[in-house]
Structures are given as structure tokens and as C-alpha cells.
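Undergrad: Letter by letter, the sequence shown follows residues 1 to 258 in the working numbering.
Glycine residues also receive a C-beta, built at the ideal position from the N, C-alpha and C atoms.
The following block contains the structure, expressed as C-alpha cells.
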Amino acid sequence: MTLHIFIPDSLLEETADPKIRTYKVGQIARAAAIFGVEHIWIYKAGGKDGKFIKLILEYAETPQYLRKTLFPIRKELKYVGVIPPLRTPHHKLKGRPKLGEIREGVIIKKGKRLYADIGLDELALVEGSGEGRMTFKIVSVNPLKVVPAKPAEYWGYRVHLTNKPLAKTLKKARLDLAIATSRKGEDVRKVKLPPLEGDIGFVFGSPRKGVMEILRDFNEDYPFDLILNTIPNQKTKTVRTEEAVLATLAVFNFIRRD
1 MTLHIFIPDS LLEETADPKI RTYKVGQIAR AAAIFGVEHI WIYKAGGKDG
51 KFIKLILEYA ETPQYLRKTL FPIRKELKYV GVIPPLRTPH HKLKGRPKLG
101 EIREGVIIKK GKRLYADIGL DELALVEGSG EGRMTFKIVS VNPLKVVPAK
151 PAEYWGYRVH LTNKPLAKTL KKARLDLAIA TSRKGEDVRK VKLPPLEGDI
201 GFVFGSPRKG VMEILRDFNE DYPFDLILNT IPNQKTKTVR TEEAVLATLA
251 VFNFIRRD
């Protein structure tokens, strides 16, 4: 099962404080990491914060030892200290290199040779080719050598800023099961769910508009497989998007049987 979540570029439309804006996006990053979301899609919903949301999500997902290299100082990152650490498997701590260990790194060229900063005390010689940020496996500790690798466990999420409205973004994602969240949807406790297999997407609205209203704003329609209320009996007038993400993923984490 591969999990996708879809959030609007208008996520922060009711929040002006830059520290709170950063924190709200950090909450979505944390929820995605807790429940193993592999793709976060930011769709066009009339907002102006798509690039900022993408930046903060990608910063949060990047291991701490690579952030200075991959994210130059900029004003949008002033309050990233409020983002809760993800503590996912690819956010490694410093230590002694271990044969067979998988680590994230960034390619550094020195003459004709390629090295990788993998968050240890020395650079690792790269056997193979590549550029930018990559995933590596340690194949020698003395000298330190790595090869490009694919991790077998959860390894963070990718962020997609499509600049397209919701229906077009959903089509681009090529989902096997598309689930819209709505207070007016069917009670998740009473619905017979189909098998949770393949690429599954959960779609969330903005602070001011629900998923269906956003679709109507862009003269769109989409054949969702399910429209669910994942927080039945809510006692607050509204549920914030970051709260809905956490609640929905928690419900389906309980339901899944893999």
C-alpha cells in the first residue's frame, strides 16, 4: 500500500503569523511521517502559499545533516525550529559507519571522483554515478565507500506542487482508491470499505472550503471512490486541515491489515 495525501495551496489562508504558518505545515509533515505517507500533493485551490508549503515540507523531510547543504539561508526558513523532528528511519544520527547501513547523502565532486556526505565524520567514496541528494548503502568502512541503494523500509515522503486544480492533480497521481474527507461524508464507522491496496489517496479541503466546494470553484468534478467523515461526532465547529490529516491517517492505520 502506498499512501498519498492531497492538501490545498490555501492551507494557510487564515494564518498570518510566520511562526504559526511554519508550525502548521510541520504538523502535516509529522503526521505524514508517523503513518508512512509516501507522497504529499499540493493542489491549486486559490491560495498563494504552495511554494512555501512545499519548501517547509521538504525541509522537514530532509535529514538534519544535509539541511545546510541543500537549503541556503532564506527568510522563509526563519522559524523552522518549531517543526517537530520526524525521527524517521532515514533521519540518522552521527556514529560509526556500519557495513550494510543505508543512509541519505548528497554528492560532492572532487576532481573526477564522486564523494557523498552521509552525515559521518568523513566523506564516503561513491562507487557508481549520480548527483544531488541520493540514498546510499555502505559497502566498506575502511576506506569508507558507498553505492546507490533503495531502502526496504519507509524512507520519508516526496512533495509534489502541481499548480493544477484538484481533479487534474488527482488524475496525475493515478490512484487505485481516492477518498475525499468531508464533514458531510458518510460515517467511516458505517461504511464497508474496499480492500486497501495499491495507491490510496486522501483528499483534504482548506480552512474555509471543503473538497466539493473547491472542485466547484474550478468547474471540476471527480469520481471519488468514497466521501467519508473520518471525525464523526466532532464537538468543534471546524476541524483544521492538519488535524483532519492526523485523524484520518490514524483511523485508516487502525483499519489496515497489512
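Have a look at Y43, A33, K19 and H4 and flag the residue whose alpha-carbon is nearest the alpha-carbon of N163.
TA: Taking the first residue of the sequence shown as 1, we reach residue 163 at position 163. Checked all of Y43, A33, K19 and H4; the closest Cα to N163 is Y43.
Undergrad: For V159, which option in V188, T2, L12 and E58 has the closest C-alpha, if you only look at C-alpha atoms?
TA: In the sequence shown, the residue the question calls residue 159 occupies position 159. Minimum Cα distance to V159 is reached at E58.
Undergrad: At 4 residues or longer, what runs of the alpha helix (DSSP H) sit wholly inside the segment 166-203?
TA: 166-173
Undergrad: Just confirm the distance between the C-beta atoms of L144 and E122, as a whole number of angstroms; I'd bet it's less than 8 Å.
TA: Residue numbering aside, residue 144 sits at position 144 when the sequence shown is read from its first letter. Residue numbering aside, residue 122 sits at position 122 when the sequence shown is read from its first letter. Correct: roughly 6 Å between the Cβ atoms.
Undergrad: If I follow the unbroken alpha helix (DSSP H) through L246, where does it start and stop?
TA: Your numbering for residue 246 matches position 246 in the sequence shown. Looking at the DSSP string, the run of the alpha helix (DSSP H) that includes L246 is T241 to I255.
Undergrad: Inspect the beta-carbon positions of A60 and G26 and report whether they are closer than 8 Å.
TA: Here residue 60 is taken as the residue at index 60 of the sequence shown, counted from 1. Here residue 26 is taken as the residue at index 26 of the sequence shown, counted from 1. Going by C-beta atoms, A60 is nearer than 8 Å to G26.
Undergrad: Just tell me which of M1, D9 and K110 has its CA closest to the CA of L166.
TA: Locating residue 166 in the sequence shown gives position 166, counting from the first residue. L166 has its Cα closest to that of D9, out of M1, D9 and K110.
Undergrad: Using only the alpha-carbon positions, how far apart do I138 and T22 sit?
TA: Here residue 138 is taken as the residue at index 138 of the sequence shown, counted from 1. Here residue 22 is taken as the residue at index 22 of the sequence shown, counted from 1. Using only the alpha carbons, I get a separation of about 35 Å.
Undergrad: Using DSSP with H/G/I as helix, E/B as strand and the rest coil, what is I231?
TA: Here residue 231 is taken as the residue at index 231 of the sequence shown, counted from 1. DSSP places I231 in coil when its eight states are reduced to three.
Undergrad: Answer yes or no: do G105 and I118 have a C-beta to C-beta separation smaller than 8 Å?
TA: As a first step, residue 105 must be located in the sequence shown, where it is residue number 105. As a first step, residue 118 must be located in the sequence shown, where it is residue number 118. One thing to note: G105 has its Cβ within 8 Å of the Cβ of I118.
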